[in-house]
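Colleague: Protein chains in written order, with our numbering: chain C, -6 to 231; chain L, -6 to 231.
Think of the CB as a built atom: it goes at the ideal place given N, C-alpha and C, for glycine as much as any other residue.
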C-alpha cells in the first residue's frame, strides 16, 4: 500500500491539475443484499474500474469521494472512501454527496434486486426447494440524475448482449449526461479483469476507448468527461 | 507470501510429524451459486478457518488437499489446493479425493441452495418483483460420510441459535465422526474474524476449545481429531 501511494505520487506529477476546484463522487464495487445473517446475493464486480477512476480524478486535481461496496482494494491516495454494503446504503450516501458534487460517476455494479424479507436467523436447509421473493432496488444513478441541480451524471452499462442498444436506452431513460458501456462477456473486458474497453455515448456523440489497462482507461475517461462537461456545463457549481 | 512460507517453515519445526503417512482433505471458503453470468448467491465465509486447518495438518506431517471456493488467501506451503466455484463442483472434487483420504474435514460454508434455472444472459431489471426458485444443493459432508469405506469425517455447524442442539442433530443425521460447532452471531466467532471458538462433539464426548486465533484453534482441533481417530480407527487405510 505504501508502494502504491509512492507510485500515485510520482504518476500524479505528470498530470496537470485540470480538475482543480471540482468535486467528483464515484461509486465502485458490488453491493451485497442479505438473505439472512450469513447469506447474501452479490455479483462479480471487483471494484477495480471505479477505484481507477477515483485515482485518475484525484490525480487530475479533483476532490474525490469514493462510495464502495465490499471490495479487496487499497484506497487511492488522497481519496475519501465511504464503505457500504447494500444498494440502499449506497443510495443514501450518494444522494447526500450528490448535492455538493460537480460530477457523479456510477461505476458500482449495484444489485438490481434485494431480498424482500431478510431472515433474522440463519434459514435452515429444510425443504427441497425455496422460493425467494426479490424486490427491485432503487436506481441510484437515475435518482441522482433526477435531482434538482443534478451533477454531471455518468452511468455504466455492463451487458452480455445488445450492448449499444441497451446503453443508448439507459442514457435516455435515466436522463444521464454520459454512459460507458462494456460487454462483460468478452474476455479481458470488465469484471475482475485488469483490462477493459469502453464505448462512451453522450447526447453529442460517441467514442470507443479500446482495450487497455483499467488505470489508463480511467485516465482517458476522466479527460473525456472533463471535456464534455466543459462544452455543456451543468447548473452553477454547488 | 514468501514471508508466510518462511514463517510456516519455522513454525513447523516445533511440531512433531504425528500425522506422517496420513492424507487429509479439507474444504474451505464459501461456494458461489450463479443466477446469471454476473450475479450469484454466496455467504460471508472468508476461508480462514479451513486454511488454518490445512496448514496445521500439513505441519503435523499429513499430505493435505484443500478444496476451496472463491477466497482471498494464500495457499499454505506444501498444501495442494483445488479451486472450485459451486457446491456441485466442490462435491465432485470431494468425492474423488475422499476415496484416498484418512480424514475429511468439511469446513467450507457450502451454499445450501442453488438457483434452479441459471440465466444464460444477464437478467434485465424489469419487473418490480422477481421470484427466484432455489433448489437444495447436495450435502457434501453427508455424501462423503455415506461412502463405503468412508474416511473419518468431520463436519462444521455455523449457527446463530440453538447451537448445541443443531450440532448434535447434524452429527447423528449425517453419520459424522465429529462435528465442530460455533455461534457465528457472537462477535469474534467465525465468519471473517481472525479468532474463533469451537465446541466439538463426537460419539464419545465433547470438548470446548475457547476463543483464540484461528491458527492456534486449528492446531488444537487437528490434535484432537488425531487422538479421537486413534481411539476409534476407521476401516483400513486406502
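Quick check: is the beta carbon of residue 19 of chain L nearer than 8 Å to any beta carbon in chain C?
Modeller: Answer no: the Cβ-Cβ gap between residue 19 of chain L and chain C never drops below 8 Å.
Colleague: Between residue 29 of chain C and residue 118 of chain C, how many whole angstroms is the CB-CB distance? I'm expecting something under 8 Å.
Modeller: 12 Å between Cβ atoms; not a contact.
Colleague: Among L/41, L/20 and L/46, which residue has its Cα nearest to the Cα of residue 82 of chain L?
Modeller: When only C-alpha atoms are compared, the closest one is L/20.
Colleague: Anything in chain L within Cβ reach of residue 114 of chain C, meaning under 8 Å, just list it in chain order.
Modeller: Here the neighbours are 153 and 154.
Colleague: Name the chain C residues whose beta carbon is nearer than 7 Å to that of residue 32 of chain L?
Modeller: 34 and 36, listed in chain order.
Colleague: Suppose the cutoff is 8 Å on Cβ atoms and the five residues either side in sequence are ignored; what does the same chain contact list for residue 150 of chain C look like?
Modeller: For residue 150 of chain C, where only same-chain residues beyond five positions count, the Cβ hits under 8 Å are 156, 159, 160, 163, 172, 173, 174 and 175.
Colleague: Between residue 217 of chain L and residue 31 of chain C, is the Cβ-Cβ spacing less than 8 Å?
Modeller: Not in contact: residue 217 of chain L and residue 31 of chain C (Cβ atoms no closer than 8 Å).
Colleague: Do you know how far the Cα of residue 187 of chain C is from the Cα of residue 179 of chain C?
Modeller: Cα to Cα, the separation comes out at about 13 Å.
Colleague: In chain order, what residues of the same chain have a beta carbon less than 8 Å from the beta carbon of residue 137 of chain L, not counting five sequence neighbours either side?
Modeller: Excluding residues within five positions, the ones whose Cβ falls inside 8 Å are 87, 88, 91, 97, 99, 143, 144 and 146.
Colleague: To the nearest angstrom, report how far apart residue 133 of chain C and residue 169 of chain C are at their CA atoms.
Modeller: Going by the C-alpha atoms only, they are around 12 Å apart.
Colleague: Can you tell which of C/68, C/165 and C/219 has the C-alpha that lies nearest to the C-alpha of residue 43 of chain C?
Modeller: Minimum Cα distance to residue 43 of chain C is reached at C/68.
Colleague: Do the CB positions of residue 85 of chain C and residue 17 of chain C come within less than 8 Å of each other?
Modeller: Not a contact, by the Cβ cut-off of 8 Å.
Colleague: Quick one: list the residues of chain L neighbouring residue 178 of chain C, beta-carbon separation under 8 Å, in chain order.
Modeller: In chain order: 30.
Colleague: Going by the DSSP bridge assignment, what does residue 72 of chain C pair with across the sheet?
Modeller: Answer by DSSP bridge pairing: none, since residue 72 of chain C is not bridged.
Colleague: So, is the C-beta of residue 84 of chain L closer than 8 Å to a C-beta in chain C?
Modeller: Answer no: the Cβ-Cβ gap between residue 84 of chain L and chain C never drops below 8 Å.
Colleague: Under 7 Å Cβ-Cβ, which residues of chain L neighbour residue 105 of chain C?
Modeller: Under the 7 Å cutoff, chain L gives 118.
Colleague: Rounded to a whole number of angstroms, what is the C-alpha to C-alpha distance between residue 167 of chain C and residue 60 of chain C?
Modeller: Whole-angstrom Cα-Cα distance: 20 Å.
Colleague: By the DSSP assignment, the alpha helix (DSSP H) with residue 11 of chain C in it spans what residues?
Modeller: Per DSSP, residue 11 of chain C belongs to no alpha helix (DSSP H) and is neither H nor E.
Colleague: Any idea if residue 212 of chain L is buried or exposed, counting beta-carbon neighbours within 10 angstroms, 16 or more meaning buried?
Modeller: Residue 212 of chain L is buried by the Cβ-count criterion.
Colleague: At a Cβ cut of 7 Å, what residues of the region 121 to 136 of chain L count as close to chain C, listed as they run along the chain?
Modeller: Flagged, chain order: 121, 122, 123, 124, 125, 126, 127, 128 and 129.
Colleague: Using 8 Å for Cβ pairs, my map puts residue 193 of chain L next to residue 46 of chain L. What's the rounded Cβ distance?
Modeller: Going by Cβ atoms, the distance from residue 193 of chain L to residue 46 of chain L rounds to 13 Å, so no, they are not a contact pair.
Colleague: What are the uninterrupted segments assigned as beta strand (DSSP E) that are 3 or more residues long and contained completely in the region 171 to 215 of chain C, given in chain order?
Modeller: Those beta strand (DSSP E) runs which fall completely within the region 171 to 215 of chain C and span 3+ residues are 171 to 176, 188 to 195 and 198 to 206.
Colleague: Give me, in chain order, the residues of the same chain whose beta-carbon lies closer than 8 Å to that of residue 2 of chain L; leave out the 5 immediate sequence neighbours on both sides.
Modeller: Low per-residue confidence applies at residue 2 of chain L: pLDDT is 49, beneath 50, and the placement is therefore not dependable enough to give any value.
Colleague: Are any of the Cβ atoms in chain C nearer than 8 Å to that of residue 65 of chain L?
Modeller: Answer yes: the Cβ-Cβ gap between residue 65 of chain L and chain C drops below 8 Å somewhere.
Colleague: Quick check: the Cα distance between residue 72 of chain L and residue 24 of chain L, rounded to an integer number of angstroms?
Modeller: Cα to Cα, residue 72 of chain L sits roughly 20 Å from residue 24 of chain L.
Colleague: With C-beta atoms as the reference, is residue 12 of chain L less than 8 Å away from residue 139 of chain L?
Modeller: Not a contact, by the Cβ cut-off of 8 Å.
Colleague: Are residue 64 of chain L and residue 39 of chain L close, meaning C-beta to C-beta below 8 Å?
Modeller: Yes.
Colleague: Can you look up residue 20 of chain L in the DSSP assignment and give me helix, strand or coil?
Modeller: Of the three classes helix, strand and coil, the one that applies to residue 20 of chain L here is strand, per DSSP.
Colleague: Could you tell me which residues DSSP pairs with residue 33 of chain L in its beta bridges?
Modeller: DSSP, once it has assigned bridges, lists C/35 and L/27 as partnering residue 33 of chain L.
Colleague: On a CA-only basis, which of L/154, L/165 and L/50 is nearest residue 135 of chain L? Give me that one, please.
Modeller: With distances taken between Cα atoms, residue 135 of chain L lies closest to L/165.
Colleague: Let me know if residue 121 of chain C comes out buried or exposed under the rule of 16 or more other beta-carbons within 10 Å of its beta-carbon.
Modeller: So residue 121 of chain C ends up on the exposed side.
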